[in-house]
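Q: With my numbering, the residue at position 131 of the sequence shown is 140, and numbering never jumps.
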Amino acid sequence: MRRTTQFRQLIDRPEILLLPGAHDALAARIIELSGFEALTAGGYAAHATLLGAPDIGQLGLAEMADHYARLCDATSLPLLADADTGYGTAINAARTVRAYERAGVAALFIEDQVAPKRCGHMDGKRVVPVTEMIAKLKAATDARTDQDLVIMARTDARAIEGLEAAIERAQLYREAGADLIFVEAPLTVDEMARICSEIPAPCMANHVEGGKTPLLSAEQLEDIGYACVAYPVASLYAVAHTLRRLYTSLRESGDTATLQGEMLNFTGFHDIVRLPALREMERASDGFARDLLERVAARVTNQPD
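1. Kindly indicate the opening and closing residues of the beta strand (DSSP E) around C237.
2. Quick one: is L302 buried, meaning 16 or more other Cβ sit within 10 Å of its Cβ, or exposed?
3. Under 8 angstroms between the Cβ atoms of D157 and R17?
4. Can at least three beta-carbon pairs, one atom from the region 68-78 and one from the region 40-60, be found at a separation below 8 angstroms?
5. Alpha carbon to alpha carbon, how far is C212 from S262?
6. What residue ranges within the region 111-168 form continuous alpha helix (DSSP H) runs of no fewer than 4 residues, ordered along the chain?
7. Do G30 and V282 come within 8 angstroms of each other at the CB atom, strictly closer than that value?
8. Along the chain, where does the alpha helix (DSSP H) containing A266 start, and where does it finish?
9. On the CB-based measure, 16 or more other CB atoms within 10 Å of its CB, does S105 come out buried or exposed?
10. What does a CB cutoff of less than 7 angstroms around E207 pick up in its chain, not counting 5 residues either side in sequence?
11. Tell me whether E120 is buried or exposed, calling it buried when 16 or more other Cβ atoms sit within 10 Å of its Cβ.
12. In the DSSP output, what is M201 paired with across the bridge?
13. Can you tell me where the alpha helix (DSSP H) with F297 in it begins and where it stops?
14. Measuring alpha carbon to alpha carbon, tell me which residue in A62, T84, R299, L19 is nearest R127.
15. Start and end of the beta strand (DSSP E) containing D91?
16. Which parts of the region 171-232 are runs of the alpha helix (DSSP H), unbroken and 4 residues or longer, counting only runs that do not cross its ends?
17. Would L28 and V238 qualify as a contact pair, given that the criterion is a beta-carbon distance under 8 angstroms?
18. Can you give me the Cβ contacts of H130 inside the same chain, cut-off strictly under 7 angstroms, excluding the 5 residues immediately before and after it?
19. Between the C-alpha atoms of A168 and F118, what's the straight-line distance to the nearest angstrom?
So, in structure tokens, the structure goes:
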């Protein structure tokens, strides 16, 4: 089954879908090994991983498409990608869809912020006119070659125009063809419940540790009515915390002994990155090559003069 079809079925089922965030290809591998059904990877984590920078719109389409191609190569799971504002006009949004499809993503979202955008839980956001966003969604849905590719519409209007306007925008985006809806940064559980009850579409919750939205359990979110929940920055924050501890300890003590109990070892890490499987493939390929040469040599030897 195509990953696009898998993702569409996962968001259509009654149970909520958990989408852990991968900040890099190694994280994507570990997510799959941990038994999840799908994953996400946002621009916030990409900016931190690729640039060591905040999510304020510094990465472009080509960089992000390349980033997603690497992630999709690292895992067989369906991936929800961040398509930012579509990287321009409706024409650019269509090109973004084609580029992300080639990268192998199963789903993507486009948001209605003014470019250059910023993380949805930062202050100072602005949104484009509704007509501009609807035009981008129309271009995006028309551009996909795989009709199972899930296109999600995100609105950041809650912080600028209020909840009523955000819900109204989301309803329009659904009517424009969005498969999934993401109202960013609601402030209360009641607001989250209104979003799910008043928008006639599957909705995604976004859990940002330290962000503006209450952090609820997956069971609570399912009861409210969410189809899926993303954890886009948890791995990034955990890795940053661990690395700061590691490097501080190394600088102060001159060794890593105190933290080795929290690390994988040489062999354990190779299991995650599939070294044994790759070595086996290498041996099989070498064996095939030797056998082929031996068969050809035998044919030549046995040919009559």
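Each residue gets a CB set at the ideal place from its N, CA and C atoms; glycine is no exception.
A: Judging by the given coordinates:
1. 237-240
2. exposed
3. yes
4. yes
5. 49 angstroms
6. 139-152
7. no
8. Segment: none, A266 is in no alpha helix (DSSP H) and carries neither H nor E.
9. Here residue 105 turns out to be Thr, not Ser, going by the sequence shown. Buried is the call here.
10. I176
11. buried
12. Looking at the DSSP assignment, M201 forms no beta bridge with any residue, so it has no partner.
13. 284-311
14. A62
15. 88-91
16. 172-184, 198-207
17. yes
18. A194, V217, G220, K221
19. 19 angstroms
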